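Residue numbers (this note's numbering): 2 to 460.
Glycine included, C-beta positions come from ideal geometry on N, C-alpha and C.
Every value quoted in this text rests on a predicted model; they were computed, and no experiment measured them.
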Ligand code: SF4
């Protein structure tokens, strides 16, 4: 039977009043096994909640009485207790196969679980989706979900996923959309494989079979130095431009047919193609911001608003269900980026010259914003673009910077300056290579990765 370990009990909560303790193992809620935090939240919603616990090897029953809908006050040991459903695909572009040896095991978890899609916005291919899953998604209203499409041609999709079921699993996408579930799709484009005519064909397939998709993000594959796939390579300039042209052409067709753009290209494409980003309003609701789509335009808008002294609500990391679910720590998936421990590492004067530490793509987004940023800063502002030597290849996004590369860059920098690092490089206070902020050769300030937070840090 799945077991959820209680990590913390909120003081003055109904769970605390009932005597629950960190370390207790939760076996059942109202007689039903605890499969995941989604189910747990529904189970714990009642006014009277019967819990079956194990403490010190002894089982016991606890009845908690509270207001219906009020949280119990428990933090549980993870989002899924009956095992995360792992993917049975072997996509040649999968970044997990391209990690350098010796990286943390949690980074190698190939999940393909609709529950993590709902909780954290992870993309699922639906190759392991079942009729029972469909029923649960619909009855429990698990919406929105995020689905990897890659190609609508069955043979090409099976080839891209290296899984025969890839040819048929989009039938579940159809069923989800028919049932009214909001679904966002993504196409990872591998040049020479699913770009060109194949991408056109995929767009046609979406219009024909999946017009109810909320959005579709078109993103380029990442290729690190550790890829062993001969067919997988970065886009050329011409290929990047061709993808943007295709997306633009299909946006117009979708507007004609459906009254909305539906498809959006990743920010990376505009950088690779050396073309300006679209205006923010061309991203509509910026629904795939977390997927790197409309992030640059949002950031520039946030900076402009904040510099002008306007309140900025921002898009930021996706809120959604995860923000409100009780007891759903994201460790291993979307862990909090930085805690007080990282945020406190500062020792330069506020008037010192400022350097913005960023990836190569981040630097290209920030560079045109420097005059506006300098206008609010107390000292001069410059960029420190850091090439990603850890992964190599075409990896240039800030979120994949490691402590090793940041350390190497900072070691040559003067002392007494302010070094601002975006929190997107951290997960649970650690860089991807496990390094910590406190180990960097210069004190740095971790700043939330949005334009308003950067302006506030500079003021
Ligand atoms: S579905 Fe995702 S996790 Fe699985 S192999 Fe493909 S890219 Fe990797």
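Just to confirm, does residue i get its C-beta within under 6 Å of one of the non-hydrogen atoms of the ligand SF4?
| i | result |
| --- | --- |
| residue 191 | no |
| residue 67 | no |
| residue 97 | yes |
| residue 106 | no |
| residue 90 | yes |
| residue 229 | no |
| residue 416 | no |
| residue 203 | no |
| residue 126 | yes |
Would you kindly work out how many angstroms separate the C-alpha atoms of residue i and residue j, rounded to a whole number?
| i | j | result |
| --- | --- | --- |
| residue 13 | residue 72 | 12 Å |
| residue 142 | residue 217 | 21 Å |
| residue 296 | residue 303 | 10 Å |
| residue 104 | residue 399 | 18 Å |
| residue 231 | residue 454 | 42 Å |
| residue 55 | residue 429 | 29 Å |
| residue 197 | residue 221 | 13 Å |
| residue 51 | residue 74 | 14 Å |
| residue 389 | residue 414 | 18 Å |
| residue 203 | residue 177 | 19 Å |
| residue 39 | residue 106 | 25 Å |
| residue 367 | residue 273 | 16 Å |
| residue 209 | residue 256 | 14 Å |
| residue 17 | residue 11 | 7 Å |
| residue 444 | residue 271 | 33 Å |
| residue 310 | residue 24 | 47 Å |
| residue 259 | residue 212 | 8 Å |
| residue 401 | residue 150 | 24 Å |
| residue 322 | residue 44 | Confidence at residue 322 is low in this model, with a pLDDT of 44, below 50, so its placement is unreliable and the value that follows should be read with caution. Cα to Cα, the separation comes out at about 16 Å. |
| residue 280 | residue 7 | 46 Å |
| residue 146 | residue 41 | 19 Å |
Please name the residue, chosen from the options, that lies closest to residue i on a Cα-to-Cα basis.
| i | options | result |
| --- | --- | --- |
| residue 127 | 107, 108, 119 and 148 | 148 |
| residue 282 | 265, 8, 118 and 275 | 265 |
| residue 448 | 66, 440, 206 and 425 | 425 |
| residue 394 | 352, 430, 214 and 236 | 236 |
| residue 95 | 225, 26, 208 and 205 | 225 |
| residue 124 | 80, 444, 372 and 188 | 188 |
| residue 261 | 366, 445, 268 and 251 | 251 |
| residue 88 | 278, 115 and 144 | 115 |
| residue 192 | 409, 180, 49 and 152 | 152 |
| residue 458 | 61, 376, 223 and 60 | 376 |
| residue 263 | 249, 275 and 58 | 249 |
| residue 9 | 15, 3, 22 and 174 | 22 |
| residue 254 | 207, 161, 373 and 408 | 207 |
| residue 460 | 113, 291 and 379 | 379 |
Can you tell me where the beta strand (DSSP E) with residue i in it begins and where it stops?
| i | result |
| --- | --- |
| residue 66 | 59-66 |
| residue 185 | 184-190 |
| residue 149 | 146-149 |
| residue 360 | 355-360 |
| residue 159 | Looking at the DSSP string, residue 159 is not in any beta strand (DSSP E); the run it does join, the alpha helix (DSSP H), is 155-162. |
| residue 76 | 75-77 |
| residue 51 | 49-56 |
| residue 244 | Careful: residue 244 lies outside any beta strand (DSSP E), inside the alpha helix (DSSP H) at 238-259. |
Over what stretch of residues does the alpha helix (DSSP H) that includes residue i continue unbroken?
| i | result |
| --- | --- |
| residue 222 | Note, residue 222: premise wrong, no alpha helix (DSSP H); not H, not E. |
| residue 109 | Element bounds for residue 109: n/a, residue is neither H nor E. |
| residue 140 | 132-140 |
| residue 39 | 38-44 |
| residue 6 | Premise fails: residue 6 lies in the beta strand (DSSP E), 5-10, not in any alpha helix (DSSP H). |
| residue 427 | It is not in any alpha helix (DSSP H) - residue 427 carries neither H nor E in the DSSP assignment. |
| residue 269 | 268-273 |
| residue 207 | 197-210 |
| residue 116 | 115-121 |
| residue 93 | Premise fails: residue 93 is in no alpha helix (DSSP H) and is neither H nor E. |
| residue 303 | 296-308 |
| residue 374 | 371-377 |
| residue 15 | 15-18 |
| residue 172 | 171-179 |
Assess, as a yes-or-no matter, whether the segment 279-298 is touched by the segment 231-245 under the definition of 3 or more beta carbon pairs within less than 8 Å. no
Counting pairs of beta carbons, one from the segment 350-358 and one from the segment 421-437, are three or more of them closer than 8 Å? yes
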